[in-house]
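Input: a single structure, listed below in C-alpha coordinates.
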Amino acid sequence: MPNIWAKAISRQHGQILERLGVHHVVLPEHEMGERVAHLVTGRMLDFIEFDDDYALVKTVAPDIATGVPLAQSQVRSRHGVTVVGIKRPGEDTAQLA
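Residue numbers (numbering that gives the first Met the number 0): 0 to 96.
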(Lines of atoms letter the chains of each structure in order from A and count residues from 1; the text may use other names and numbers.)
(Lines give C-alpha, C1' and ligand atoms only; values in the text may rest on other atoms or scores of the structure.)
Protein backbone atom coordinates (compact mmCIF):
# COMPACT_ATOMS: atom_id res chain seq x y z
CA MET A 1 0.00 0.00 0.00
CA PRO A 2 1.46 3.40 -0.96
CA ASN A 3 -0.40 5.38 1.76
CA ILE A 4 -1.68 3.96 5.00
CA TRP A 5 -3.75 6.20 7.30
CA ALA A 6 -4.69 5.25 10.86
CA LYS A 7 -6.44 6.86 13.81
CA ALA A 8 -4.56 6.75 17.10
CA ILE A 9 -6.20 7.14 20.49
CA SER A 10 -3.04 8.47 22.19
CA ARG A 11 0.46 9.66 21.31
CA GLN A 12 1.88 6.31 22.42
CA HIS A 13 -0.59 4.50 20.19
CA GLY A 14 0.48 6.79 17.33
CA GLN A 15 4.14 5.92 17.89
CA ILE A 16 3.29 2.22 17.74
CA LEU A 17 1.38 2.70 14.51
CA GLU A 18 4.32 4.60 12.98
CA ARG A 19 6.69 1.78 13.98
CA LEU A 20 4.36 -0.65 12.25
CA GLY A 21 4.72 1.33 9.02
CA VAL A 22 1.64 3.57 9.01
CA HIS A 23 2.36 6.61 6.83
CA HIS A 24 -0.16 9.05 8.34
CA VAL A 25 -1.25 8.87 11.98
CA VAL A 26 -4.24 11.01 12.94
CA LEU A 27 -5.07 11.98 16.52
CA PRO A 28 -8.41 13.79 16.05
CA GLU A 29 -9.36 14.12 19.72
CA HIS A 30 -5.92 15.42 20.69
CA GLU A 31 -5.76 17.84 17.75
CA MET A 32 -9.24 19.19 18.47
CA GLY A 33 -8.33 19.63 22.15
CA GLU A 34 -5.30 21.73 21.19
CA ARG A 35 -7.39 23.76 18.77
CA VAL A 36 -10.08 24.50 21.36
CA ALA A 37 -7.43 25.43 23.95
CA HIS A 38 -5.96 28.00 21.58
CA LEU A 39 -9.39 29.41 20.77
CA VAL A 40 -10.50 29.93 24.37
CA THR A 41 -7.26 31.47 25.60
CA GLY A 42 -7.14 34.56 23.42
CA ARG A 43 -8.37 36.57 20.47
CA MET A 44 -8.35 33.68 18.02
CA LEU A 45 -11.51 32.94 16.05
CA ASP A 46 -10.10 29.83 14.38
CA PHE A 47 -6.83 27.91 14.54
CA ILE A 48 -5.29 25.23 12.32
CA GLU A 49 -1.83 23.87 13.09
CA PHE A 50 -0.19 22.42 9.98
CA ASP A 51 3.36 21.82 11.20
CA ASP A 52 5.18 21.78 14.53
CA ASP A 53 6.09 25.47 14.32
CA TYR A 54 3.39 26.81 11.98
CA ALA A 55 -0.30 27.55 12.30
CA LEU A 56 -2.94 29.45 10.40
CA VAL A 57 -4.98 31.69 12.70
CA LYS A 58 -8.11 33.70 12.09
CA THR A 59 -8.24 36.62 14.52
CA VAL A 60 -9.40 40.18 15.01
CA ALA A 61 -6.59 42.60 14.21
CA PRO A 62 -5.08 44.36 17.24
CA ASP A 63 -5.41 48.14 17.53
CA ILE A 64 -1.78 48.69 16.39
CA ALA A 65 -2.61 47.12 13.02
CA THR A 66 -6.04 48.67 12.48
CA GLY A 67 -6.34 51.57 10.08
CA VAL A 68 -2.69 51.59 8.97
CA PRO A 69 -1.05 49.99 5.92
CA LEU A 70 0.15 46.45 6.61
CA ALA A 71 3.82 47.33 6.02
CA GLN A 72 3.58 50.24 8.44
CA SER A 73 2.05 48.08 11.19
CA GLN A 74 5.28 46.01 11.30
CA VAL A 75 3.45 42.93 12.60
CA ARG A 76 5.97 40.65 10.89
CA SER A 77 9.14 42.32 12.22
CA ARG A 78 7.73 42.96 15.71
CA HIS A 79 5.77 39.74 16.28
CA GLY A 80 6.96 37.26 13.64
CA VAL A 81 3.46 37.08 12.12
CA THR A 82 2.90 36.78 8.39
CA VAL A 83 -0.50 38.08 7.27
CA VAL A 84 -1.91 35.95 4.45
CA GLY A 85 -5.35 37.52 4.13
CA ILE A 86 -7.44 40.46 5.27
CA LYS A 87 -11.23 40.56 5.58
CA ARG A 88 -12.74 43.91 6.35
CA PRO A 89 -16.05 44.13 8.24
CA GLY A 90 -19.02 44.06 5.90
CA GLU A 91 -17.12 42.48 3.00
CA ASP A 92 -18.04 39.03 1.74
CA THR A 93 -14.56 37.74 0.92
CA ALA A 94 -11.02 38.22 2.19
CA GLN A 95 -8.22 39.83 0.19
CA LEU A 96 -4.96 37.95 -0.01
CA ALA A 97 -2.15 40.01 1.43
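Note that the Cβ used here is the ideal one computed from N, Cα and C, for glycine as well.
State the start and end residues of the unbroken beta strand (DSSP E) segment that holds residue i.
i   : result
A70 : Note, A70: premise wrong, no beta strand (DSSP E); alpha helix (DSSP H) at 69 to 72.
In the structure shown, what three-state DSSP assignment does residue i receive?
i   : result
L26 : coil
A64 : helix
M0  : coil
E33 : helix
Per DSSP, what are the beta-bridge partners of residue i in this structure?
i   : result
G84 : L95
A5  : V24
V56 : F46
Since residue i is in the alpha helix (DSSP H), which residue starts that stretch and which ends it?
i   : result
L44 : It is not in any alpha helix (DSSP H) - L44 instead sits in the beta strand (DSSP E) that spans 43 to 50.
L16 : 10 to 18
Would you kindly check if the distance between the Cβ of residue j and the Cβ of residue i is under 8 Å?
i   : j   : result
L69 : K57 : no
E17 : V24 : yes
I63 : S72 : yes
T81 : R75 : yes
Figure out for me which residue from the options has the closest Cα to the Cα of residue i.
i   : options          : result
R10 : H22, H29, G20    : H29
P27 : R87, N2, A7, R42 : A7
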